[in-house]
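At position 258 of the sequence shown (counting the first as 1) the number is 293 in the numbering used here, and the numbers step up by one without a gap.
C-beta: ideal position from N, C-alpha, C; glycine also.
Here the structure is a predicted model, which means the values were calculated and not measured.
A quick write-up on the structure given underneath.
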Amino acid sequence: MRYNTDMNKYYTGEFAKKAGVTERTLRFYDKKGLLKPSINPDNKYRMYTDNDFIKLQNILILKQIGFSLEDIQILISRKDRKSLVDMLNTQKELVNQKLDYFRNLKQAIEVTEKSIEGRRIDWDKMMHLMHLLTGDGIIEHYKDSHQLTTRISLHQKYTVGKVDWYDWIYSQIKLTHTNRILEVGCGEGSLWKNRKISFRHREIFLSDKSEGMVESARKNLGNDFNFLCFPLENIPFKDHYFDVVIANHTLFYLHDMKSGIKEIVRVLDDKGVFYTTTYSKNHLKEITDIAKEFDNRITLSDEPLYEVFGMENGKRQLRKYFADVEMHTYQDQLLVTSASDLYDYIMSCHGNQLSVIGNRSDEFISFLEDKLKDNGLLVNKEACLFICKNM
């Protein structure tokens, strides 16, 4: 780490005492690559600076909120001023969510207590309390939402073409004469942002298996939509209820795709339309390649999702359930010029990159900066939309 001569310097014991932590804790964070002291060029001693108090504060707050050390390592790896402000805003947001959770928990306990005292137990309220006691997934919900936002942001910032992915999908969906619409795996509701939609005689249901995603969609879109949390394999609606069902980059995440597609067919009207998207084996391949160039062990997905359900095999799978399946292709490019944005994207993926890169975050960012410094990174996008009918 570069040594800053303009700041106050502290030996390990002195820094530990001022910060209110043990020297053992500092050595542990040093070993994990979370908080490494600088090397004094004059005497070769390892010393901390004033900036390290801020880094330590970040580590302690995120640990208190509930993040693992692996997650913290990713969150604090960026060192610019904007990243520090973003980090503080993240901490504030998560603390507010924790406060809301405990307020709701207290209210649920009080209501349950009163019903027991009155000898009339409200089992619905009791189940609500049980759900709160076992379902405090604030950190997981934050990570789901944050990772998706990071991935979408790269496309929004660096897409070369003029047609946005969500605009392109929306332009393909025919909503005329449709009264009931369901999107499964809605994420943050990006498909529906800034759309002029008539809700007269129309209901739109947005669902995701992640409560954090559903809550983000609710905040982004308001109360005109209906929001639900459930797994796609178990859709809580009666048969033939919907005119349109949409699954954007969702089917390849299913543990049981056969059951998931059967559920979609079950709730879809006989004259209804199912819209679903996926991508090809060449989609964003350049990002995978650059990560592997740094360390060949890196994989950005637990399994190649395009092999589960992709452009090359999706139509064949869907034809088992639908009489008519059309494929519409979408091609574009990204020209990524920011190493830090590319780093954030790679770290948000569902692979093994966190464990492989470990405490080499600085080295990886420097590697990306060197690769992008001349012309950036040109990345090919190749995706498709399947339009499925049984008419």
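In DSSP terms, what residue i is bridged to
i, result
"VAL219", "ALA282"
"PHE240", "LEU217, ASN261"
"GLN366", "GLU417"
"VAL371", "LEU412"
"LYS355", "Answer is none; LYS355 lacks a bridge partner."
"GLU361", "ILE422"
"LYS44", "THR84"
"PHE309", "VAL280, CYS423"
"TYR193", "Bridge partners of TYR193: none, in fact."
"SER427", "Residue 427 lies beyond the residue range present for the chain, which begins at 36 and ends at 426; the question has no answer from this structure."
"TYR314", "ALA418"
"SER336", "HIS385"
"LEU303", "PHE277"
Spatial distance of residue i from residue j (CA atoms)
i, j, result
"THR60", "PHE272", "52 angstroms"
"SER242", "GLY222", "8 angstroms"
"ASN258", "PHE240", "11 angstroms"
"LEU286", "THR311", "8 angstroms"
"VAL302", "PHE260", "19 angstroms"
"TYR64", "LEU226", "41 angstroms"
"ASN255", "PHE262", "12 angstroms"
"ILE111", "ASP379", "11 angstroms"
"ALA326", "MET362", "31 angstroms"
"ASN425", "ASN317", "30 angstroms"
"ASP330", "LYS406", "14 angstroms"
"ASP359", "ARG230", "28 angstroms"
"ASP85", "GLN207", "55 angstroms"
"GLU145", "ILE270", "33 angstroms"
"ARG478", "ASP304", "In the structure displayed, the chain extends from 36 to 426; residue 478 sits before or after that span and is not available."
"LEU104", "ASN387", "16 angstroms"
"GLU218", "ALA282", "6 angstroms"
"GLU328", "LYS228", "37 angstroms"
"LEU377", "HIS212", "42 angstroms"
"GLN352", "LYS71", "51 angstroms"
"GLY48", "GLU58", "6 angstroms"
"ILE4", "CYS419", "Since the first and last residues shown for the chain are 36 and 426, residue 4 lies out of range."
"ALA54", "PHE88", "7 angstroms"
"ILE200", "HIS284", "Looking at the sequence itself, residue 200 is Trp, so the reference to Ile does not match. About 12 angstroms."
"ASP324", "ALA374", "15 angstroms"
"LYS67", "LEU91", "13 angstroms"
"LYS209", "LEU340", "27 angstroms"
"ASP202", "LYS192", "15 angstroms"
"ILE94", "VAL56", "12 angstroms"
"GLU148", "VAL343", "49 angstroms"
"LEU167", "GLU250", "Unreliable positioning characterises LEU167 in this predicted model, as indicated by a pLDDT of 47, which lies under 50. A coordinate reading is not provided."
"GLY247", "THR313", "23 angstroms"
"PHE102", "LYS141", "23 angstroms"
"HIS190", "LYS244", "24 angstroms"
"LYS355", "GLU268", "17 angstroms"
"ARG62", "LYS197", "51 angstroms"
"TYR46", "LYS98", "24 angstroms"
"ASN43", "SER73", "12 angstroms"
Distance between beta carbons of residue j and residue i, contact taken as under 8 angstroms
i, j, result
"ILE96", "LEU69", "No, ILE96 and LEU69 are not in contact; Cβ-Cβ is about 13 angstroms, not under 8 angstroms."
"SER336", "HIS385", "6 angstroms"
"ILE381", "ILE322", "7 angstroms"
"ARG215", "TYR276", "6 angstroms"
"PHE357", "PHE309", "7 angstroms"
"TYR83", "PHE50", "4 angstroms"
"GLU298", "GLN366", "Not quite, the Cβ-Cβ distance comes to about 31 angstroms (not below 8 angstroms), so this is no contact."
"VAL300", "GLN368", "Contact doesn't hold; Cβ gap of about 35 angstroms is too wide."
"GLY307", "ASP278", "5 angstroms"
"SER383", "THR185", "4 angstroms"
"GLY224", "ALA252", "3 angstroms"
"LEU370", "VAL195", "6 angstroms"
"THR372", "GLY411", "4 angstroms"
Residue i beta carbon near the ligand SAM (any heavy atom closer than 8 angstroms)
i, result
"LYS231", "Among the components of this structure there are no ligands whatsoever, and the ligand SAM is therefore not found."
Test: residue i CB closer than 9 angstroms to a CB of chain C
i, result
"GLU338", "Protein chain content of the structure displayed is limited to a single chain, and chain C is not contained in it."
Count the CB pairs spanning the region 390-400 and the region 287-303 that are closer than 8 angstroms, and state whether there are at least three.
Because the criterion of three Cβ pairs below 8 angstroms is not met, the region 390-400 and the region 287-303 do not touch.
Do the region 334-353 and the region 398-415 meet, that is, are 3 or more Cβ pairs less than 8 angstroms apart?
No, they do not touch.
Would you be able to state if there are at least three C-beta pairs under 8 angstroms between the region 230-237 and the region 342-349?
Cβ pair count under 8 angstroms is below three, so no.
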